[in-house]
Amino acid sequence: MCKLMLACCKVYISESRNKAALNLIERAAKRHPKAAIINKFVDETYNRVGYTLVSKLTSGMCPLRSAVLALVKAAFEAVNFELHCGSHPRLGVVDHICFHPLGSTSLEQIAGTARCLAADIGSCLQVPTFLYGAAHKDGRTLDSIRRELGYFKPSFNGNQWSGGPKSESLSLIPDEGPTQTAQAKGAVVIGATRWVDNYNVPIFSSDVAGVRRIVKRVSERGGGLPSIQAMALAHGENVTEVACNLLNPGKINGDLVQLEVERLAKEENMSVGKGYYTDLSEEKIIESYLSLGLQDEN
2 MCKLMLACCK
12 VYISESRNKA
22 ALNLIERAAK
32 RHPKAAIINK
42 FVDETYNRVG
52 YTLVSKLTSG
62 MCPLRSAVLA
72 LVKAAFEAVN
82 FELHCGSHPR
92 LGVVDHICFH
102 PLGSTSLEQI
112 AGTARCLAAD
122 IGSCLQVPTF
132 LYGAAHKDGR
142 TLDSIRRELG
152 YFKPSFNGNQ
162 WSGGPKSESL
172 SLIPDEGPTQ
182 TAQAKGAVVI
192 GATRWVDNYN
202 VPIFSSDVAG
212 VRRIVKRVSE
222 RGGGLPSIQA
232 MALAHGENVT
242 EVACNLLNPG
252 KINGDLVQLE
262 VERLAKEENM
272 SVGKGYYTDL
282 SEEKIIESYL
292 SLGLQDEN
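Residue numbers (my numbering): 2 to 299.
Right, here's the structure in full:
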């Protein structure tokens, strides 16, 4: 087990088709070399990109916090939320930021970094920011915020999300930043949790309603697998994905999710493809960071 105090941050941005914008965003983060972009996952159908960044956790201004703030600021400058369209739900240009402790770092330590970043984004960038998990005083969950803000309701053509928020007013008071949202930026959700894996299973059907029946039965909320959150998302022509958050991947991993989706899809007479993770494993993230030698720098 790694004994270093490391911090990981996953940042999900509502853009993947504008390569110039992504280049600007990545260059902004790379100006903070003590924090490394370990992984990048691009999905052009969802029009969404995920970045995984890692640094040592230090006192004062953590390199990870500095790099993520620069990345977020660049994203707001390079992407106009009003022009965005994709088949993945989102609340803003920077849809979701999640911090995870690595090595000997505690959850409360990384939660402090998340709260500091939320204050930076709310005050300096003037974007409404919501906290969840260990970063929130009451441990509020990510999905509860999303449901309150209408995250799961498509805004265009049945299975698409398009344009900025319908109203500048928010149904939930943000933890940081203004109480109204700008159409071109939207809002941000920031949390701190133990490690979470994301695993998506393609079903070869355009029957989103049918796949939603599978989603309900596979997720913990619907009485399915413990620690699994899931949603059905259109993913190109004649494919609908069961997109899952694995909140306790040490107990319920992608293989178990795959088997359960296949079992339930068979009852619906639907064909299933091989699922995939959208990021490296926790162990591989640490290994990749250590291979860069950044942990030895002062």
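Glycine is no exception: its CB is placed at the ideal position from the N, C-alpha and C atoms. Quick caveat: nothing in here was measured; it's all calculated off a predicted structure.
task = Using the Cα positions of Arg222 and Ile111, report the straight-line distance between them to the nearest angstrom.
result = For the purposes of this step, residue 222 is taken as the residue at position 221 of the sequence shown. For the purposes of this step, residue 111 is taken as the residue at position 110 of the sequence shown. Computed Cα separation, rounded: 27 Å.
Coarse secondary structure for Gln110, derived from DSSP in three states = The sequence position of residue 110 within the sequence shown is 109, counting from 1. In this structure, Gln110 counts as helix in the three-state DSSP scheme.
ask   = Exposed or buried, Ser17, counting other C-beta atoms within 10 Å across all chains shown (16 or more means buried)?
value = Locating residue 17 in the sequence shown gives position 16, where the first residue counts as 1. So Ser17 counts as buried.
request  = Would you mind sorting Arg264 into buried or exposed? The rule is 16 or more other CB atoms within 10 Å of its CB.
outcome  = In the sequence shown, residue 264 corresponds to position 263, counting from 1. Its Cβ having fewer than 16 others within 10 Å, Arg264 is exposed.
request  = Return the chain-ordered ranges of every beta strand (DSSP E) run that is complete within the region 71 to 120 and spans a minimum of 3 residues.
outcome  = Counting whole runs of 3 or more residues, the region 71 to 120 contains the beta strand (DSSP E) stretches 95 to 104.
key: Residue-level contact to chain B via CB, Asp144, 8 Å cutoff   = No chain B is part of this structure, which consists of one protein chain only.
Arg58 versus Ala266: straight-line alpha-carbon distance, rounded = For the purposes of this step, residue 58 is taken as the residue at position 57 of the sequence shown. For the purposes of this step, residue 266 is taken as the residue at position 265 of the sequence shown. The amino acid occupying residue 58 in the given sequence is Leu; Arg does not appear at that position. Rounded to the nearest angstrom, the two C-alpha atoms are 44 Å apart.
task = Count the other CB atoms, across all protein chains shown, that sit within 10 Å of the CB of Arg148; report buried if there are 16 or more and exposed otherwise.
result = Against the sequence shown, residue 148 aligns to sequence position 147. Classification for Arg148: exposed.
request  = Check whether the region 88 to 102 touches the region 187 to 201, taking contact to mean three or more Cβ pairs, one atom from each stretch, closer than 8 Å.
outcome  = Short answer: they touch.
task = State buried or exposed for Ser15, treating a residue as buried only when at least 16 other CB atoms are found within 10 Å of its CB.
result = Your numbering for residue 15 matches position 14 in the sequence shown. Ser15 is buried by the Cβ-count criterion.
Glu238 to Gly211 span [Cα, whole Å] = Numbered from 1 along the sequence shown, position 237 holds the residue referred to as residue 238. Numbered from 1 along the sequence shown, position 210 holds the residue referred to as residue 211. Distance between the alpha carbons of Glu238 and Gly211 is about 15 Å.
ask   = Taking all protein chains shown into account, do 16 or more other C-beta atoms lie within 10 angstroms of the C-beta of Ala136, making it buried, or fewer, making it exposed?
value = In the sequence shown, counting from the first residue as 1, residue 136 sits at position 135. The residue in question, Ala136, is buried, as its Cβ has 16 or more Cβ neighbours within 10 Å.
message = At the level of alpha carbons, what is the spacing between His33 and Glu78?
response = Position 32 of the sequence shown, counted from the start, is the residue given in the question as residue 33. Position 77 of the sequence shown, counted from the start, is the residue given in the question as residue 78. Rounded to the nearest whole angstrom, the C-alpha separation of His33 and Glu78 is 18 Å.
ask   = Hey, is the region 6 to 13 in contact with the region 56 to 76, meaning 3+ C-beta pairs nearer than 8 Å?
value = Proximity of the region 6 to 13 to the region 56 to 76 meets the contact definition, three or more beta-carbon pairs being nearer than 8 Å.
message = Counting C-beta neighbours from all protein chains within 10 Å, is the total for Ser56 16 or more, i.e. buried, or is it exposed?
response = Start at 1 with the first residue of the sequence shown, and residue 56 comes out as number 55. Buried, by the Cβ-count rule.
inquiry  = Looking only at its chain, what residues have a beta carbon closer than 6 Å to the beta carbon of Ala115, apart from the 5 residues adjacent to it on each side?
reply    = Position 114 of the sequence shown, counted from the start, is the residue given in the question as residue 115. Cβ contact annotation for Ala115 (same chain, cutoff 6 Å, sequence separation greater than five): Phe100, Ala136, Ile191, Ala193, in chain order.
ask   = From the DSSP output, which residues share a beta bridge with Thr53?
value = Numbered from its first residue, the sequence shown carries residue 53 at position 52. In DSSP, Thr53 forms a bridge with Lys11, Asn40.
message = Do Thr106 and Gly178 have their beta-carbon atoms positioned less than 8 Å apart in this structure?
response = Taking the sequence shown and counting its residues from 1, one reaches residue 178 at position 177. Taking the sequence shown and counting its residues from 1, one reaches residue 106 at position 105. No, these two residues do not count as a Cβ contact at 8 Å.
key: Lys74 versus His97 - alpha carbon distance   = Within the sequence shown, the letter at position 73 stands for residue 74. Within the sequence shown, the letter at position 96 stands for residue 97. Taking the straight line from one Cα to the other gives about 14 Å.
request  = Locate the alpha helix (DSSP H) running through Gly211, then write down its first and last residues.
outcome  = In the sequence shown, residue 211 corresponds to position 210, counting from 1. It spans 209 to 219 - the alpha helix (DSSP H) in which Gly211 sits, taken as one unbroken run.
task = Report buried or exposed for Ser220, applying the criterion of at least 16 other Cβ atoms within 10 angstroms of its Cβ.
result = For the purposes of this step, residue 220 is identified with residue 219 of the sequence shown, where counting begins at 1. Buried is the call here.
key: Alpha-carbon spacing of Gly51 relative to Val12, whole angstroms   = One-based indexing of the sequence shown puts residue 51 at position 50. One-based indexing of the sequence shown puts residue 12 at position 11. For the pair Gly51 and Val12, the Cα-to-Cα distance works out to about 6 Å.
message = Is the beta carbon of Ile146 closer than 8 Å to that of Leu1?
response = This structure cannot speak to residue 1, because the chain is shown only from 2 to 299.
message = Taking only three categories from DSSP, how would you classify Pro64?
response = In the sequence shown, the residue the question calls residue 64 occupies position 63. DSSP, read as helix, strand or coil, puts Pro64 in helix.
task = Might you give, ordered along the chain, the residues of its own chain that have their beta carbon closer than 8 Å to the beta carbon of Ile286, omitting 5 neighbours on each side?
result = By one-based count along the sequence shown, residue 286 stands at place 285. Here the set comprises Cys9, Ile39, Asn40, Thr53, Val55, Leu103, Asp280.
task = Go ahead and pull the three-state DSSP assignment for Val69.
result = As a working note, residue 69 is residue 68 in the sequence shown. Looking at Val69 - three-state DSSP - the assignment turns out to be helix.
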